[in-house]
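A short write-up of the structure that comes next.
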Amino acid sequence: MNNNNNHRYASRSASRRRSRSSGRDHINTFEIVKLINSTEAGRLDLGTLRNFLFRDVDPRSNAKFQVIWRHLLQNKENFILSDQLKDAKALSGNETVWVRTVLTLCETHCRRGKDGRNRACDGDCGALHVCRTFLLCSKDACPFNSKKKCMFGHSFATDHNTELLKAHNLYGLSDAELQKLFRRRPSRSANTLPQVCIYYNKADGKKCSKEKCKSLHLCSDFIQQCCEGDCSRNHRFSAPQVQRVLDLYAFDASWSGEMLLEDLRHFMTA
């Protein structure tokens, strides 16, 4: 075999080795999202995740930790890492990975216009066009589902929504899996958290007149940690009106008052 043939053979062999190596280390972001989202808490330790992705690796070793960690760091819109600045060479497998999505609801689409219909969006919003109640709960929880077709939509399968789910590594999750993901704390946004009622907090002392107001009747100064003196406004998350609104947004007992305060404060000042 002459030198040219040797060179071509070596090049082809090296190419095949790189291809096989790349195939062994291939990581599917969607599979990780689906796996971690299937857990109750929405998190897994790195060791458990490695054992799922690379089942032929000795579970006592630290093999593949760096490969997975680099992939997770490159996909921060889907994952939160417990030690993002940690040296990859020092990984032990005990590090925690949380699942999330930065995809959210279209604020324009989810607002009712003066004509009683939802406002038209040009489609360039980069956010889902779907009913908030359907997104966080289910279609059966929407009060309009049993009476008439909800104007905001109860389908993830529209062309607009499908394109976004594909772009965010979520296409293929069932409706129930998507709803579970969007209910998780790391996935919450200003459009999937309840607002604090501005009328309830008016300085002139007038109260909100809506019988079933969908905003929280909480003291806004209390949320922003600047309430002083004798305040007549509500400071309790256990108040019936507050609990009713939190139920509408699918909050459960896993959310403490401190967690709610932190998130409400963040989006009020963002």
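In full-length UniProt numbering, the protein residues as written are 1 to 270.
Glycine included, each C-beta is placed from N, C-alpha and C at the ideal position.
- Here the alpha carbons of R70 and S61 stand approximately 18 Å from one another.
- For V242, there is no enclosing beta strand (DSSP E); the enclosing alpha helix (DSSP H) covers residues 240 to 248.
- Scanning its chain for C-beta atoms nearer than 8 Å, with the 5 sequence neighbours on each side dropped, one finds around H168 the residues E77, N78, T101, V102, L103, in chain order.
- For F144, there is no enclosing alpha helix (DSSP H), since its DSSP letter is neither H nor E.
- In this chain, the beta strand (DSSP E) harbouring D45 covers 43 to 45.
- Between the alpha carbons of Q66 and R244 lies a distance of about 46 Å.
- DSSP places T48 in the helix class (H, G or I) of the three-state scheme.
- Of all alpha-carbon atoms in N75, L73, T48, the one lying nearest the alpha-carbon of A63 is that of T48.
- Listed in chain order, the non-local C-beta contacts of M268 below 8 Å within the same chain comprise V196, S220, I223, Q224, local neighbours out to five positions each way being set aside.
- In the assembly as shown, N37 is a buried residue. Its beta-carbon has 16 or more other beta-carbons within 10 Å.
- Cα atoms of L164 and D58: separation of roughly 38 Å, rounded to the nearest angstrom.
- A straight-line Cα-Cα distance of about 14 Å links T192 and L178.
- Rounded to whole angstroms, H266 and P194 show a C-alpha spacing of 13 Å.
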